[in-house]
Amino acid sequence: MKYLKYILASSFVVISSMFISSCKDDEFTETIFPDDEDVLDPSSYSYKFDKWLVDNFLSTYNLEFCYKMEDVETDMNYNLVPATYQNAMDLALLTKYLWFDAYDELTGKEFLRANAPRKIHAIGSPAYNPTSGTMILGLAEGGIKVSLFRVNYMDVTDFMQLNEYYFRTMHHEFAHILHQKKSYPVEFNLLSLGNYDDNNWQDRNGGLVASLGFVTPYASSQIREDFAETIANYITRTPEQYDLILWCAEQGWYSGDDDMDQSVAYAYYYYASEYDRENENPTYTLRFVEGENSEVALYDVRTRQYLNSVEKVENWIESISDDVTVYPVADKDGKDGKEIMLQKVNIARKWLADEWNIDLDKLREIVQARQNTLGGDSPVIEDLRKQIEVVQ
Amino acid sequence: MKLYKFIAPALLLGTMFGFSSCNNEEDDIFDGSAAQRLEEYKKQYASDFTSNGGKWLMEYFSNEEERGYAFVVTFNSNGSVKVSGQNIWMDDMFKTDESLWSIIADNGPVLSFNTYNEVLHLFSTPENIVGPNAPINPDTEKDINEQGTGHGGDYEFVILGLSDDGNTMHLTGKKTLHDIYMRKLDSTADDREILGAYSYAEKTTFNVLFPNMFITDMNDGEQYEVSGGVNGIFNMWPKNGDPVVQTVTMCALVGPDGIRFRKPVGIENAENTDSIVVENFVRQSDGKYVCTYNDQNLVLDCIGLGNIFNMTKYVWHIEENAAGGKFAQILSKIATESKSKMKVNFRGFNIEYDATSKKYALNFRRSGSTSPHYMYCEETVVDDGESVKFNVSTTDVNNNGNLLLQRVSSVGDFIQLFNASDFEFEVGSRFAPSRIKMVSKTNPEDYLNVTLQ
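Read top to bottom, the protein sequences are chains A and B.
The first sequence begins at -14 in my numbering and counts up one residue at a time.
The second sequence begins at -18 in my numbering and counts up one residue at a time.
So this is what it looks like as structure tokens:
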């Protein structure tokens, strides 16, 4: 046994020395990854745009505006296509003008440097959900990345379309980014508890959900979407449109005797004849409708006119009484939709002020002022495009 | 116990040798790291794509239920790419669009068309397919409402390699895994001309009126029936086999030089004991197609052109103003005589089947009447089924035919020349011979043009 101990001891010494010596030469070598990836080539077709993106987003906010499609950055369950080069440029310019510059105007650059997403991904097509018949317009992931879809359909001359599909989506997704970093107050969760419907929100009428205190049907899907929609709609909807939604929130809505089909709802009714009156057979009118670009309006079935502001609705009520007596539908949902909606805005207002030092109303004012310069024959988009054209 | 004195040093030495063998590192198998090699490949392929003008013909398949499409793709080293196309989804109009491309590191080097191109991404966009060519739901007979699928094609392609001659780039669709080939084109090649030829081939190579096609394995004589082709979808099954069980269906790109199936497809023989594999059929000078994939010798053909006049349901019209040589002279004379002696305008002849008499006939066509002027005839297919000889009777005729022959003597001259000629055929596609040039074998100057009515 003595010899065995001797052998073991000697072996241990030798092995230990080998391990030590084998570690001796370990040194860091050159990186195995090529490091010339991000150098912009002035002869490249997209050089001016790429340089503009570097100067305005990457260098300023450490944000990559990705317009060259990267499918690994998307959900592979969707069929998606890249954005057109021209629309990607317009979207980048408008993102800066309506989102980054608007916040900078209010908070200075540091706020977005600290809180902006690290990546914005422009995607040409919508992401369709075949089972629900809905499409995704934007996504915010982990406070890091925002994906904006449907870029190829962007029409810079159509303000309502820009507002619905892009501007509101930007502010909606940024609201997500902010609450993913600092949670919104739990009291927000309680305001509409029990009235969310994640599976069938797309079949709910805008008037009905307004009456429950939701600014859009999508807001009625989940609490966090409600929060983001509350902020985004408050910031981007024109005052006329926002006031009309609040008006709708005060109404009662009729959507059939059994309330089964919530896709259609009416705010007023009348009796077409004495016979109908005697038999309690009302004719409903003033239907809540949403245009292709989510412009809220009320449609008078009787005279076939669209009313897209509170003033027009009030004039309609006044003028129609000369002809026929109209009655508002009784509000039976037991909710004060307008009050709930305003409470939600107040919570968001306070949260933005306390947690982020952002004045929501001032932000709204700035964004609205900028939005109003766009659409139609406005030269602003052409002026913005020049920023890229002059890049050297 | 003294044995340990020897064992101990030996073990020590052995252990030391063992470790010293680890001291030397293995030589690297590769020249650089995986990332560096991938980067090299990216640069090499970028150079390959843009070399010599950077123009390629892309043979593209979006899904398994549609034909293949041809695009002309021109890569520029500045990162832009021009894609041209002409197909039914563009109303058969030539279209070209410029966008961006790059080679990215993904599953190996991947060719990515990474900004939207109206020509290429049309086949990837998730929008519903609409229009007259949209797929139809057989149950509702309305457009299939795919909601989020579209054509389902790729715009990113894993690069599998460049052929040794540098003329063929082999890609595979990243999503669909379809094999996509790109053929090098000369930098001066005209996009519009190339795609026009593809469009013409798509429209004229096959015709639903002539469905009888077959593949012959020249090595063993085994035959396989073929149908379709008009919409780029082919159905194939063994002759004398069970079409219900043994039919295989495959989409293909039909071009001016041949037919390429989306992937090699096997067709079993009637006894399920052997099979052929069809992939790429090359068009021959005689209009037939030959596939030599895997050392096979497969010929795609249809019934001989000589037999097409024996199809009783079809009426063939001999055009009065599109003949040559002696035929042109006689037809002109018939027109003059018809006018002067019958007061009618000559409208050419038909070769048709008279169901009443159950005979084929040459039918004189004229203005003001559709009454047949039949001169009955027989057709003899000569040689290998590719040429014919007619025997039109001047005695076996109906009443109108009899009167005609008496009044317009040049009709008799026409019949005489017609009967004396052995005809061979010139057609755009032997699979869709809707217009045939019948040329006299003895004197090629003498010819007629015949169209299917």
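Note that beta-carbon positions come from the ideal geometry of N, C-alpha and C, so glycine has one too.
Bounds of any alpha helix (DSSP H) do not take in B/TRP218; it lies within the beta strand (DSSP E) bounded by 214 to 219. Cβ-Cβ separation between A/VAL365 and A/THR221: approximately 16 Å, too far for a contact (criterion under 8 Å). Not a single CB atom of chain A sits nearer than 9 Å to the CB of B/PRO90. Three or more Cβ pairs drawn from the segment 312 to 325 of chain A and the segment 247 to 267 of chain A lie within less than 8 Å of each other, which places the two stretches in contact.
For A/ASP346, same chain residues with a beta-carbon under 8 Å away, outside a window of 5 residues either side, are ARG334 in chain order. Under the 10 Å beta carbon count, A/ASP211 is surrounded by 16 or more other beta carbons and is classified as buried. Among the residues of chain A, none has a CB under 7 Å from the CB of B/LEU152; the nearest is roughly 16 Å distant.
A buried status is given to B/PHE242, since no fewer than 16 other beta-carbon atoms sit within 10 Å of its beta-carbon.
For B/SER390, the enclosing alpha helix (DSSP H) stretches over residues 390 to 401.
At least 9 Å separates the CB of A/GLY123 from every CB of chain B. Proximity of chain A to B/GLN128 at the Cβ level (cut-off 9 Å) is accounted for by TYR113, ASN114, PRO115, THR116, GLY118, in chain order. Interface criterion not met: the Cβ of A/MET326 is under 9 Å from no Cβ in chain B.
Distances from the CA of B/THR130 to each of A/TYR32, A/ASP285, A/ASN62 were compared; the closest alpha carbon is that of A/ASN62.
Residue range 191 to 197 is occupied by the alpha helix (DSSP H) that includes A/GLY191. By the Cβ-count criterion, A/ASP56 is buried, with 16 or more other Cβ atoms from all chains shown falling within 10 Å of its own Cβ.
Burial state of B/PRO113 is exposed, judged by a 10 Å Cβ sphere holding fewer than 16 other Cβ atoms. A residue is called buried when at least 16 other Cβ atoms come within 10 angstroms of its Cβ; B/ARG18 does not meet this threshold and is exposed. Taken in chain order, the whole alpha helix (DSSP H) runs of length 4 or more contained in the segment 194 to 271 of chain B are 224 to 227. Take the alpha-carbon of B/THR157 and the one of B/GLU40: they are about 14 Å apart. Across the structure, A/LEU229 and A/VAL281 are spaced so that their CA atoms are roughly 8 Å apart.
By the Cβ-count criterion, A/PHE152 is buried, with 16 or more other Cβ atoms from all chains shown falling within 10 Å of its own Cβ. The beta-bridge partner set that DSSP reports for B/ASP78 consists of B/VAL64. Residue burial is scored here from C-beta neighbours: A/TYR227 has at least 16 other C-beta atoms within 10 angstroms and is therefore classed as buried. Scanning its chain for C-beta atoms nearer than 8 Å, with the 5 sequence neighbours on each side dropped, one finds around A/TYR181 the residues SER205, SER206, GLN207, ILE208, ASP211, in chain order. Under DSSP, A/PHE212 shares a beta bridge with no residue. When C-beta distances to chain A are compared with 9 Å, the residues of the segment 134 to 161 of chain B below that value are TYR136, GLU137, LYS155, LYS156, in chain order. No Cβ-Cβ contact shorter than 9 Å links B/ILE175 with B/VAL54.
In the three-state scheme derived from DSSP, where H, G and I count as helix and E and B as strand, B/LEU92 is classed as strand. For B/GLY60, the chain A residues whose Cβ falls inside 7 Å of its Cβ are SER29, TYR30, SER31, in order along the chain.
Within the segment 55 to 67 of chain A, contact with chain B at the beta-carbon level (separation under 9 Å) is assigned to GLU55, ASP56, VAL57, MET61, TYR63, ASN64, LEU65, VAL66, PRO67. When beta bridges are read from the DSSP output, B/ALA342 appears opposite B/GLU333, B/TYR357.
Taking a C-beta distance under 9 Å as the contact criterion, B/LYS36 and B/LEU190 do not qualify as a contact pair. Per DSSP, the unbroken beta strand (DSSP E) holding A/HIS106 starts and ends at 104 to 107.
Here DSSP, grouped into helix, strand and coil, assigns A/TRP238 to coil. Between A/ALA68 and A/VAL171, the beta carbon gap of about 38 Å keeps them out of contact (Cβ cut-off 8 Å). Among the CB atoms of chain B, none fall inside 9 Å of the CB of A/ASP321.
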